[in-house]
Structures are given as C-alpha cells and as structure tokens.
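Top line first, the protein sequences correspond to chains U and P.
Residue numbers for the first sequence follow the working numbering, so the first one is 1 and each next one is one higher.
Residue numbers for the second sequence follow the working numbering, so the first one is 630 and each next one is one higher.
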Amino acid sequence: MIPEISHLLTILAAGLFLFSFLVILSSNALRSTDSIIRLSLNCFNAATIFLICAFILYVYLAVMDDFSVKYIAMHSNSDLPIFYKISSIWSSHEGSMFLWILFLSLWLWLFVNRLDTQSNLFRYVIFFSAMVLLFFLLFLLVTSSPFERILPLAPINGGDINPVLQDPALVIHPPMLYLGYVGFAVPFVYICAYLADGEFRQGWETIIQKWSLYAWAFLTLGIGLGSWWAYYELGWGGYWFWDPVENVALMPWLAATAFTHSIHASTKSGVLKSWTLFLGLSVFILSLFGAFIVRSGIIDSVHSFANDPQRGLTLLLITGVIALISFGLFSFRSIKIVNSRLVVSGSKESFLSLNNILMITSIFSVFLGVIYPLITQYFYSTKVSIGPPYYNTIFAPLIFIAACFIALSVESKWQRKWKLTETLSKLSIPILISCFLTFIVQSLHQYSVSLIQMIGLFSGIFIISIYAFKLLMNSVNREFINWSSAVSHLGFGLLLFSIAGNSIFSYEKNLKLNVNEEYITEELEISFDDLSLKDESNHQRIIAQINMKIHEKIISFSPEKRKYFTRGQVTSETDIEATFLRDIYINIGEQLDDGSWTFRVQFNYLIKWIWFSVLLMILGILIRSRAIV
Amino acid sequence: MLPHRKKRLQNILLLLGSSFIGIFLILSALNSQLDLFYSPSELNKNNLPKERIKLGGMVKKGSIKYEDTKILFVLTDFEEDLDIEFDGIPPDLFKEDSGAVMLGSFDGNGVFVAEEVFAKHDENYMPPELSK
C-alpha cells in the first residue's frame, strides 16, 4: 500500500506542477491578478510538500525492507546496516533520479518563497520552475519509475547494493553532488524569468548571487568527495582520471566558477551583464548535459550506471528543449541589456574577463574530449579514447596564463587602468620565489620533471606566494585584504601545487609475499605477518597484517579483501597510513598458485593536500556568501 | 572608414584570429593524444599497431595465470584471442568470463603489455561491442 501512496503523491506533485504552470500561462492572457499568482504559488508549494512526503515514504520502504518494490529488491538487502539501506536509494539510476528531482524541487521551493510576490518577475519564476520540475517528474514517472512492484510474489531478500559502492562515501557523495548540480536551477529560472519579463531592472545579481555561491560550494564538495572516494577505491583510476563522468562534472564546475567571477564583476563595476546571464544559463544546461552523458551510457566510462539508450534519448530531448527555450530567450532579449559601464583595459574586470575566456576555452576543450570519440565512431567508424595526456596538454598552458591573470587582477583596481611599473614591482618577489622553488624541485629530482609538471608547480607556488604576500602586508601594516578571494585563491594555488607535487614525487611498487616473508631494501622493510578470516553480516573479510619499517618507524597495515555472500563479488579495501606529507597506500591483490599474495604499495605525496585545498576554496566562497545580504 | 569602425574591425579580426589559433592548438593536441580503441578481432595479427591503444573484450575462461607479480591472461571477443600481460593488481571486478578494458601496447612478440586495466561499477558490464 505504501509504495502506491508514494507513487500517487509523486504523480499528484507532477499534476500540481502542471497546474501551477498552466495557471501562469493562462494568467498571461487573462491579465494576471494577485489571486491567480497566489493560486499557482500554493499549487507549487503543495506539489513540493507532496514530493517530500513521497520521498520520505520511499525512504521508509527502504528502511523497512519492502522487497515488493522492484528497485529496492534489486539494490538493497535486509542484512545491510540502516544507512546503506537508505543510501541504496541513490545507488542506481531510478532512485538517484528521484533524489535529484527532490533536491531540484527543494532548491526552487526555498527560492520561490523568498522572492517578492508583488514583483512582475515572480510569475515567470514560478512558470519556469514548474516547467523544469514537470519535465523531470514526467521523465521519472514514464521512463524510470522507482515504484514498480513485484507482485504477488515478492522476493524474500534483496539483491544487495553493488559491493563496490558499499562505502560510507556513498551516503554523502551523491547527495552533495546533486545538490550542487541542481542548485544552479535557481539562477537558471531567475535569469529565464528576468529575460522573459523584459524590464531589465538593476540589482538582479544580488538576488541570485548567494544562491549560486551555495550551489558552487555543494558542487565543489561533491566533486571533491567523489575524487577522494575514487582515490581509495581500487580500479577507479585514482583521484582524477579524466573519465567522461568526471569531465561532465568538471564542465558545469568551470562554468559555475566563471559565473561566480563574472557576477562579481557585474555587481562591482556594472560590466559583463549579458555575459553573466549567458553563463548562468549555461551552468544548468551543462549540468543537464552531464546527467544525459552519465545516464544514457552513450560514452564508455568507469563510473556510469547500467545503461538504457531510450532514457538517454528522452533526457537529451528534455535538455534540448530547456536549452532551446532559455538560449532562445537570451538571444531575443539580451540585445536590450545595457552595461552601465564598459570594461577598462588593464583594470580588475578586464583580467577577470580574460580568465572567463580561459575558462570557456577549457570547457570547450573538455567538451571536445568527451564527444570526440562519438564523432570518430559515427563519421569514421574508428573507436578512439581520449586519455589524460590530452587534458594535461590543454590545461597546463591555460592554467599558466590564468595564474598570471589572477596575479594581475589582484594587483589592479575596478574601472582603473593598471600602472605597469607598480604592478610589476609588486609581483617581482612572488615571481622570483616561484621560479626559485620550481628550480629547487627540478634539481632535487635530477632534472626529470616534465614541462607540464613544472608549469603546474610554478603556477601553484606563484598564486600561493601572491596571496601569502598579501596576508603578510595585511598583518604588518593593516593593508586591505579581500578575505574570501584570498582564502579561495590560496586554495586554488595549493590545489595546483599539490597536484603537480603529487605527480612528481609519487611512486609505487608491486610485491609478492608469503606469510612471514620479508621484503627489504635500503629505505624500508616490509613484512607480511599474518592472514586472518572474519565473518560479517553480509560478507567475509580476509585481512592481511603487514608491518612496514621506514625511517626507524614501524607502521602496521591491514589491507583486506571482502567476499560478499549475495553476489559472490569480491572487493579490496586499501589501507592508508596518512602523514603530513604523504600517504602510504597498500592493497592486497590475488593469491598466486604457490600460496603467496601480491601487494601494491604506493607512496602518494601531497595527496591529502588536494582535498584540503578544495576545502579552502569552499571556505573562501562561504566567507563571500556571508557578505551578501 | 570611420575610426570607431576601424577599431571594431580590428577587434573582430583579433578575436577571430585568436580563436582560430586556439582551436587549431586544441585539435592538434587532440590528434596527438588520442588512443585508438580495438577489440581483438579488429586487429591485424601481422601488422599490430605500434602506438599505445585501448583494448576491450572478455577475459577468457581458465586463462588467468600468475607469474611473479605479473598476471597473464587471454582476452577474447569470441572470434580472436590475444595474450595479455599486466604487472600490477587488477581491479576487483576483473575476473574470468567478464568484460575488461585495458590501455597499453604490444611488445615485439605479439603480447599486449597493459599499463592499466579498468573495471566498471556495474558487475554486469559488457563492452558495447560484445553486447550487440
């Protein structure tokens, strides 16, 4: 009964969004009155509440192990701990789409209820919000319903979550990522409304800026968590792999980053107005495009869901329609938008715009990398894959130029031409420091650091030292400092530095050891002391005891293998010993014919710094968001 | 020509020029960095590619052997077989009779030396060319 109630509530929500949409549509013809707009707002609110209730009921079903629901039967299991039962909902396509739509409606609901109902824009905001939600609810109900039941004979137990996904990160990574993706629906619907309304009042930036910053923070956190998970999970190619699914998350992130910068320039100095509007639309469209790539299976990826071309086509259609409507509106209306001022060359906003161009270039390159295999397959029937070298080659020069523009924009002022000598004198110390440190690293490493690594290292140190210098000046003689910019750019510099450092210093070893056997080199001793078995509720653990003696210090590791009963699948759990500078990462491989086991030992330098710098960037953005009223 | 038009023309030409250069650079990076994707039967045994490629297929039943830290197996698409050598620990979903994708190149003796072997989230995964 409860599954039907949940299903019915979702259908009712779709119906109410449709009604709310139609009310606004007709109000245009009827000359809108307050009561009509209030009616559609009430419908919208009711629909969201229905959707929330439907999802809560669905969570209840998952917790209570109702295996008559096909989706829950396929992805959950009564042996699972409760938090996995709940997160099994978003472990595959249908349920994760449900969550995605729930978040979409929550964001829009919060936004709509904060707006001034008297303003002319308001009805358009409701109109576009209801439209987007309606599209996706229909998609959920028609092509990927999580409510299907297996009746009358429900299975006694469920099929379990895919063991590879049984990880605490599953509880938090997808929700954060989705909150980020759909959070950009808020600026999207507002910009659509702004363009449709056509009055073009000033001050629209402040209304959506805070929302965009929050969405940016969620998206960044989501990507960061995903990268951390992929790092310790074997076989996902490490923290960043330029896999299509990672790339389609990177594209909206880059667009969102460009957007947060240009909206800032737009509020501060009245430039780049229509460009900002365009970017705001693009972020959400790129998020939708990402959903299409991940869920259609059109591109081969390590992270993709089980695929269904039919769904892909529907999603592409929805994305296409939404893009057509929004960009159509933009191209008809944006011509009337006037910037209150012009970009002065050599001013802060000019460097900001240049970096915007770089970010667009990088989005374009990533986009090309993602779709190029499709193009060659379709037109030349050769299959190709675009690997990390392509992206590294493209990104290295872009990041170098971006670092220079960041430096120049820090030292310049809004609407004012730069003073060449003054800027150069201010930047000379950071330039010297970063050249010097890059050279030190190069010589420490026997001159084997590649050009791309050097560029990354240099850019990272350059950005860090500029802001470190600023911080110093602030503490010494109370010079003004923009804290949010300083913290987030320090994060970005540190990110570049740690990525480059990680690729320069890290190394790995494969070992073959019997129990009680030792492996000894000059720097370290590794001994394989014990192998034990342990039974858990839904799997058996094979745990290896490894002791490593390095720099006179003994560290013990217990990497393990898990055999899951339900699916007979095996997963490996790495054991990581983290110190300030590096991670020692051990994982256990196969048992060989002679009874010995293979192990992989990795020394990953500066790896934790990557996520620390991501947190810094988020912190910087949160500081900024507090400053906006 | 009016001075402001001249300036605008200059700007447009500059923009066009730089975007052409940009696109040219991106495309040339693309062309030099891409890996061709094959299944075993798409390769000509007498003329194996020398560059790095991606290879996809099924791990043949009963073919997995270990030699020191190396793992040796046969990749098949049920038409042709290829010998694969991989020094490292394969992902968890790597097993007999299931799909695998690897990146690497051929050594002199027609053995494919994999630098990396990839797994999928989904244990029912099949390379697209086999599921047809």
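Here a beta-carbon is modelled for each residue, glycine too, at the ideal position from N, C-alpha and C.
All values derive from a computational prediction rather than experimental measurement.
Per the C-alpha coordinates, the member of U/Leu288, U/Ile337, U/Ile299, U/Val338 positioned closest to U/Leu316 is U/Leu288.
A residue is called buried when at least 16 other Cβ atoms come within 10 angstroms of its Cβ; U/Asp575 meets this threshold and is buried.
In the three-state reduction of the DSSP assignment, U/Gln209 falls in the helix class. The beta carbons of U/Phe44 and U/Ile101 sit no closer together than 8 Å.
Of the residues U/Ser459, U/Ser88, U/Gly226, the one whose Cα lies closest to the Cα of U/Ile161 is U/Ser88. Taking a beta-carbon distance threshold of 8 Å, P/Asp710 does not count as an interface residue toward chain U. The beta carbon of P/Ala658 falls within 8 Å of a beta carbon belonging to chain U, placing the residue at that interface.
Neighbours of U/Arg600 across chain P, judged by C-beta separation under 7 Å: Gly717, Ile718. As DSSP reads the structure, U/His551 sits in no beta bridge. For U/Tyr585, none of the residues of chain P pass the 9 Å Cβ criterion, the least Cβ distance being about 12 Å. Per DSSP, U/Asn510 is one residue of the beta strand (DSSP E) stretching across 507–513. In the structure shown, P/Arg634 adopts helical secondary structure according to DSSP, grouped into three states. Contact of U/Lys512 with chain P is assigned, a C-beta pair being separated by under 8 Å. Boundaries for U/Gly280: no beta strand (DSSP E) harbours it, while the alpha helix (DSSP H) harbouring it runs 273–296, taken from the DSSP string.
Distance from U/Leu281 to U/Phe330 at the Cβ level is roughly 6 Å; contact confirmed, criterion being Cβ atoms closer than 8 Å. According to DSSP, U/Glu560 shares a beta bridge with U/Ile543, U/Glu573.
Straight across, the Cα-Cα distance linking U/Met97 with U/Ala13 is about 15 Å. Nearest to P/Lys683 by alpha-carbon distance, out of P/Lys694, P/Glu725, P/Ser734, is P/Ser734. Assignment of U/Glu349 by DSSP, reduced to helix, strand and coil, places it in the helix class.
Ranked by Cα distance from U/Tyr447, the options U/Phe505, U/Met64, U/Gln209 are led by U/Phe505. For U/Tyr58, no CB of chain P lies under 8 Å from its own CB, so it is not counted at the interface with that chain.
Along the length of the segment 161–230 of chain U, whole alpha helix (DSSP H) runs at least 4 residues long occupy 168–183, 185–197, reported in chain order. DSSP, read as helix, strand or coil, puts U/Ser76 in coil. Contact check for U/Ile208 against U/Tyr190 passes: the beta carbons are separated by less than 8 Å. In chain order, Phe67, Ser68 place their CB closer than 6 Å to the CB of U/Ala154, counting only its own chain and leaving out the 5 sequence neighbours on each side.
A Cβ-Cβ separation of about 18 Å leaves U/Gly620 out of contact with U/Ser459 under the 8 Å criterion. Segment contact: the segment 599–615 of chain U against the segment 572–591 of chain U, three or more CB-CB distances shorter than 8 Å; contact assigned. Between U/Gly158 and chain P, the shortest Cβ-Cβ separation is not below 8 Å.
Taken atom to atom, the span from the alpha-carbon of U/Ile86 to that of U/Lys70 is near 15 Å. As computed with DSSP, U/Arg582 is found in a beta bridge with U/Tyr605.
For U/Tyr391, the uninterrupted alpha helix (DSSP H) run begins and ends at 388–410, by DSSP. Ranked by Cα distance from U/Asp79, the first of U/Gly158, U/Thr393, U/Lys553 is U/Gly158. Counting C-beta pairs closer than 8 Å gives fewer than three between the segment 226–236 of chain U and the segment 179–195 of chain U, which falls short of the contact rule. Take the alpha-carbon of U/Glu94 and the one of U/Glu4: they are about 16 Å apart. Exposure of P/Asn738 is indicated by the presence of fewer than 16 other C-beta atoms within 10 angstroms of its C-beta.
One alpha carbon belongs to U/Gln202, the other to U/Asn120, and they sit about 14 Å apart.
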